[in-house]
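Just below is one structure, and these are the notes that go with it.
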Amino acid sequence: MKYLWAPWRMNYILGEKQEGCFLCKNLLEKQDKKNLILHRGKFSFVMMNKFPYNNGHLMVVPKRHCLDFEQLNDHESKELFYL
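Going by my numbering, the sequence shown wraps up at 101, each residue one higher than the last.
Structural data, given as structure tokens:
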């Protein structure tokens with residue numbers, strides 16, 4: 019397949035971009051249903067992707083803003099991979 023066609027993503031591609039990290043913002047808002055957050059763990063959370071390439075795409079994300087898996091501590095990485 020040369021191109022992946024996902025027309026529902028056009029709102030994301032052409033829409034206005036937020037400043038900052040949307041994951042951190044959504045986590046702090048405490049509006050889980052609106053922000054598609056399905057589960058909050060102690061160190062990580064699970065959320066649906068608002069603009070998925072396929073059905074059922076979930077994201078498992080550390081609560082601490084971290085750009086590299088190697089920066090996660092043992093508790094964070096264990097819960098992240100468990101979820």
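Each residue gets a CB set at the ideal place from its N, CA and C atoms; glycine is no exception.
Exposed unless 16 or more other CB atoms sit within 10 angstroms - verdict on residue i
i   : result
E34 : exposed
P80 : buried
F63 : buried
M66 : exposed
N44 : buried
L46 : exposed
L85 : exposed
L98 : buried
Residues bridged to residue i [DSSP beta-bridge criterion]
i   : result
I31 : Its beta-bridge partners do not exist; DSSP assigns none.
H57 : V64
L76 : M66
Alpha-carbon to alpha-carbon, residue j and residue i
i   : j   : result
Y21 : L41 : 27 Å
E88 : Y30 : 30 Å
N-terminal and C-terminal residue of the alpha helix (DSSP H) that residue i is part of
i   : result
F99 : 92-100
F40 : 40-47
Beta carbon proximity, residue i to chain D, threshold 7 Å
i   : result
E97 : The structure shown contains no chain D; it holds only a single protein chain.
Sequence-distant residues of the same chain with beta carbon closer than 7 Å to residue i, five excluded per side
i   : result
H93 : F61
L54 : M65, M66, K68
V78 : S62, V64, L98, L101
Cβ shell of residue i (< 8 Å), same chain only, five flanking positions each side left out
i   : result
L76 : L56, V64, M65, M66, N67
Own chain, CB closer than 6 Å to residue i, minus 5 neighbours either side, in chain order
i   : result
F69 : R27, Y30
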